[in-house]
Amino acid sequence: MLQSAKPTRDHLLVYLNGERHEVAGTDAFLTLSDYLRLRLVQVGTKIVCSEGDCGACSVLVGRVEEAPGGGKLVYRAIDSCIAFMYQLDRAHVISVEGLKRNGLLSPVQDAMVKCHGSQCGFCTPGFVMAMTGLLEGDGASTGGGDRRGEALTCDELRAGLTGNLCRCTGYIQIMDAGCSVDPGKTARLSELYPDGPMVEIFDSHAQDDVVVTDDGRTVAVPASLDAALTFKTKHPGCTVVAGATDIGVQRNKGKIDPREVLCLANVGELKGVGHEGGTLTTGAGERWSGVERYVEDLVPQFHDILTVFGSPQIRNMGTIGGNIANASPIADSVPFLFVMGAELEIAGPTGTRRVDINNFYQGYKKFDLRPDELIARVHIPLPTEAQTLKLYKVSRRRDLDISTFTAAVLMELDDAGETIKGVRIAYGGAAPVVLRLPKTEAFLAGKVFGEDVLHEAGHLARTEVTPISDVRGSADFRLQLAENILLRFYHDCAQKMTV
Ligand SMILES: Cc1cc2nc3c(=O)[nH]c(=O)nc-3n(C[C@H](O)[C@H](O)[C@H](O)COP(=O)(O)OP(=O)(O)OC[C@H]3O[C@@H](n4cnc5c(N)ncnc54)[C@H](O)[C@@H]3O)c2cc1C
Ligand code: FES
Ligand code: FES
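Position one of the sequence shown corresponds to residue -6 (the numbering used here), numbered consecutively onward.
Put into structure tokens, the structure is as follows:
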């Protein structure tokens, strides 16, 4: 089916709490939470929202990553309600049932009991899994290091638990529980589930292309970009799935039920992030937590926006390629990519081509990608010393909220630091697509940087946008934001200049 010389595997290879599962047929299309609860009757994992919004369904997923002396399993918390089994080929899933040893609670569970961190208990397994992941040093919020011996700080806990909601206990007891765990006395997951045997098995299947079919449905999980493109060419109408943080929600809301799926989870060429010669390059399939960690010192403004992108569970699955191809006018990364002039490297059966992201979108959810193509990489010029970059996200809550309005402003002043040499402005949530503001940019070029000028530019910016009213805000509110954000930009810059 993938037209590769090697045979394809017809089942998924997934480890769950240390046990091997060969998943085929209908089960391959289930969400992980349904597989755990309905197939394995492991009902410790709870489902509340089914949209990635509450974290009750959090589990840990370990995948092989390079490490000194060979690969090791690195565990990250994800929302199992919006993850599909076909995304978990060659992964080890640990659910709350998998934490106990000899019938005893894990140190995190024990702390939740002792600190009264649980009332109805529905959110508790999710908090326990997220905290266990944090103690492992699982992802962006903890820098991904080995935390043995270090207790979690309040800030780490707050940042690491933004994807977990509790409706009845209150967070003080839960925070107390997290802070009271002594990581020095907590077994690492690799001690509970030794890496070696699983890594060996996963590595021996690393080149497998997988195709699972069931009752007219097909999912391909190729191991290479070539195999992915071959499948896409033969099945141009297939649904591409990367992290499934958009697709999973749409499917759970009954908006889609894909019959043909191309899952990119195992395509190594789409992963990785690095920078060279002033350009940041990231694979389209790189998860946000990887990008977030990489840009922390390199582009702190982008890092700050990513810390309020969904939650750790969402950033551990969601990808930059998915954010771009989902084509939402409120995609948080897109205004930044617009002002930096990012280029999308698009791969197709006859090779690759590059498209300036400013020319990629052609209307609401319409963009320049043929049915046989995939976004492979994103090349992002980095801001220079002479440029000032500011990124804004306006939402009703700080954490785990979809944007009402977003903005990116990149400005360069002349050598005297007075006159605007050039400025790029992009707004999201102000039109059916993220847009640049050419009239406002032209108005500002050559003007002396000052409050009055930015105030006037704000009036002009209003005329370049066409926002709508929706549950997140009225059109009038968004028009006001389109105007005011430029004054905010002025004050943010002026404050920095006088410090
Ligand atoms: C609770 C929650 C909170 C969220 N918060 C935010 C937020 O704060 N800011 C924000 O911007 N978004 C947010 N999102 C949306 C989502 O997480 C992001 O858009 C994410 O980047 C999508 O990536 P993905 O890999 O999960 O995409 P998927 O769901 O796998 O795919 C999304 C779309 O992209 C296509 N696609 C994926 N990869 C490729 C590729 N390489 N080539 C071509 N097409 C491709 C898919 O076919 C699909 O149409 C949130 C989602 C949830 C559920
Ligand atoms: S059930 Fe709420 S995030 Fe999964
Ligand atoms: S204990 Fe009831 S929702 Fe948290």
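All residues carry an ideal CB built from backbone N, CA and C; glycine is no exception.
| said: Need the endpoints of the beta strand (DSSP E) that R347 sits in, please. | reply: 344 to 349
| request: With a 10 Å radius around its C-beta and 16 neighbouring C-beta atoms as the bar for buried, classify I167 as buried or exposed. | output: buried
| Between E336 and ligand 1, is the CB less than 7 Å from at least one heavy atom? | no
| field | Counted within 10 angstroms of its Cβ, other Cβ atoms place V7 as buried (16 or more) or exposed | value | buried
| field | E58, DSSP secondary structure in three states | value | strand
| task | May I ask you to list the residues that DSSP assigns as paired with P118? | result | In DSSP, P118 forms no bridge with anything.
| task | Just grab the DSSP bridge partners of H372 for me. | result | T274, E336
| request: With DSSP as the reference, please indicate the residues paired to H14 in a beta bridge. | output: V7
| message | Spatial neighbours of G276 within its chain, please: C-beta separation below 6 Å, excluding the five flanking residues on both sides. | response | L263, K264, G265, R370
| query | Measuring CB to CB, does K65 end up less than 8 Å from D188? | reply | yes
| said: Taking the alpha carbon of E411 as the reference point, which residue from S88, C486, P425, K386 has its own alpha carbon closest? | reply: C486
| message | Can you look up E476 in the DSSP assignment and give me helix, strand or coil? | response | helix
| said: By the DSSP assignment, the alpha helix (DSSP H) with A21 in it spans what residues? | reply: Taken as a continuous stretch (DSSP letters only), A21 belongs to no alpha helix (DSSP H), as it is neither H nor E.
| request: Look at the alpha carbon of G136 and the alpha carbon of R181, and state the distance between them as a whole number of angstroms. | output: Residue placement at G136 is flagged as unreliable, the pLDDT there being 42, under the threshold of 50; a coordinate-derived value is accordingly withheld.
| query | Can you tell me the Cα-Cα spacing of C74 and V242, whole angstroms? | reply | 9 Å
| Is R429 near ligand 3, with its Cβ less than 7 Å from a heavy atom? | no
| In the structure shown, what three-state DSSP assignment does G132 receive? | Residue confidence is low: G132 scores 46 on pLDDT, short of 50, so the model does not pin down where it sits. Its coordinate-derived value is still stated next. In this structure, G132 counts as coil in the three-state DSSP scheme.
| said: Below 8 Å, how does it come out for the region 354 to 371 and the region 320 to 335: are there three or more Cβ pairs, yes or no? | reply: yes
| said: Can you give me the C-alpha to C-alpha distance between F224 and D201, rounded to a whole angstrom? | reply: 14 Å
| query | So what's V67 in DSSP terms, helix, strand or just coil? | reply | strand
| query | Does DSSP classify S51 as helix, strand or coil? | reply | strand
| Just the Cα atoms here: how many angstroms apart are P328 and T399? | 7 Å
| query | For K383 versus I298, is the C-beta spacing smaller than 8 Å? | reply | no
| field | By C-beta, the residues closer than 7 Å to any heavy atom of ligand 3, given in chain order | value | S111, Q112, C113, G114, F115, C116, T117, C159, R160, C161, T162
| request: Please classify Q355: does DSSP put it in a helix, a strand, or coil? | output: strand
| task | Verify the contact flag: E44, CB atom, against every heavy atom of ligand 5, threshold strictly below 7 Å. | result | Absence of ligand 5 is noted for the structure shown, with ligand 1, ligand 2 and ligand 3 being the only ligands found.
| message | Whole angstroms are fine: how far does the CA of I313 sit from the CA of S326? | response | 8 Å
| said: Going by beta-carbon coordinates alone, are A84 and N309 separated by less than 8 Å? | reply: no
| said: Beta-carbon within less than 7 Å of P374's beta-carbon, same chain only, minus the 5 sequence neighbours each way: which residues are those? | reply: G271, T272, M333, G334
| query | Which parts of the region 182 to 243 are runs of the alpha helix (DSSP H), unbroken and 4 residues or longer, counting only runs that do not cross its ends? | reply | 182 to 185, 188 to 197, 218 to 227
| message | Nearest by alpha-carbon distance to V174: which of A221, K107, T206, S197 is it? | response | K107
| request: For L97, count neighbouring Cβ atoms within 10 angstroms of its own Cβ and tell me buried if that reaches 16, exposed if not. | output: exposed
| request: Apply the 10 Å Cβ neighbour rule to E378 and answer buried if 16 or more other Cβ atoms are within range, or exposed otherwise. | output: exposed
| query | Name the DSSP bridge partner or partners of F398? | reply | V387
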